[in-house]
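Peer 1:
Numbering (my numbering), first residue to last: 11 to 189.
#1: Who pairs with residue 93 in a beta bridge, going by DSSP?
#2: Give the DSSP-derived three-state secondary structure of residue 68 in the structure shown.
#3: Have a look at 160, 118, 153 and flag the residue whose alpha-carbon is nearest the alpha-carbon of residue 144.
#4: Excluding the 5 residues preceding and the 5 following residue 122 in the sequence, name in chain order all residues of the same chain whose CB lies nearer than 6 Å to its CB.
#5: Whose CA, out of 44, 43, 34, 65, lies closest to the CA of residue 50?
#6: Between the C-alpha atoms of residue 185 and residue 178, what's the straight-line distance to the nearest angstrom?
#7: Nearest to residue 59 by CA position, among 139, 134, 99, is which residue?
#8: Excluding the five sequence neighbours on either side, which residues of its own chain have a C-beta within less than 7 Å of the C-beta of residue 147, listed in chain order?
#9: Let me confirm a value: residue 182 is counted as buried when at least 16 other C-beta atoms fall within 10 Å, else exposed. Which label applies?
#10: How about residue 101 and residue 72: do their beta carbons lie closer than 9 Å?
#11: In angstroms with no decimal places, state the Cα-to-Cα distance between residue 2 and residue 132.
#12: Per DSSP, residue 155 forms a beta bridge with which residues?
#13: Give the secondary structure of residue 47 by DSSP, where H, G and I count as helix, E and B as strand, and everything else as coil.
#14: Does residue 117 pass the burial test, meaning 16 or more other C-beta atoms within 10 Å, or should it be called exposed?
#15: Using a Cβ-Cβ cutoff of less than 7 Å, which residues in the same chain neighbour residue 18 once the five nearest sequence positions on both sides are dropped?
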């Protein structure tokens, strides 16, 4: 089964698009080897990997494989975020705004501790033209929901080399030489 085994070690990648490209090539090879297995896209593959690593209990509760008492913290998270499992097997959060207007797709629940998610945050930061923490969070929340997102994004944006160079202190010119 593809869902439980690691296809690629994401720790060896430093760029989200490269990770997706290599994963898609590997999945294309697997599709050619066995035509009977339906494989997800690279993006869905990594999102499912992150969710199955960091939210296994929530995934099993939503799929109906497990039942827990009403006092369980995972059940509280499911109720608070109004989580559900979509047709691709991803855990999504229904927001309050969906009751008013059609906002598009519901955000996907992810953990900020996964390396693949940090690569994705960096990708969003770079595609939003090295915007600050608040703008990067706003761009991320259109697609994903990461609990306690601000410290994670602050860490990723703080480690951005381009932003460090642009916002770094200017050099102070030395004084005139002694006569």
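The beta carbon of each residue, even a glycine, is placed where N, CA and C say it ideally should be.
No experiment lies behind these values; they were computed from the predicted model shown.
Peer 2: Working from what's here:
#1: Its beta-bridge partners are 103.
#2: Helix, per DSSP.
#3: Comparing Cα positions, the closest option is 160.
#4: Excluding its 5 nearest sequence neighbours in each direction, residue 122 has C-beta neighbours in its own chain below 6 Å: 156, 162, listed in chain order.
#5: With distances taken between Cα atoms, residue 50 lies closest to 34.
#6: In this structure, the CA atom of residue 185 is about 21 Å from the CA atom of residue 178.
#7: Nearest of 139, 134, 99 to residue 59, Cα basis: 99.
#8: Only 159, 160, 163 meet the Cβ criterion.
#9: Per the 10 Å Cβ criterion, exposed.
#10: The answer is yes: Cβ separation under 9 Å.
#11: One cannot answer for residue 2 here, as it falls past the ends of the chain, which runs 11 to 189.
#12: Answer is 119.
#13: The DSSP-derived three-state label of residue 47 is coil.
#14: Buried: at least 16 other Cβ atoms inside 10 Å.
#15: Apart from the 5 residues on each side of it in sequence, residue 18 sits with its Cβ closer than 7 Å to the Cβ of 32, 33, 36 in its chain, given in chain order.
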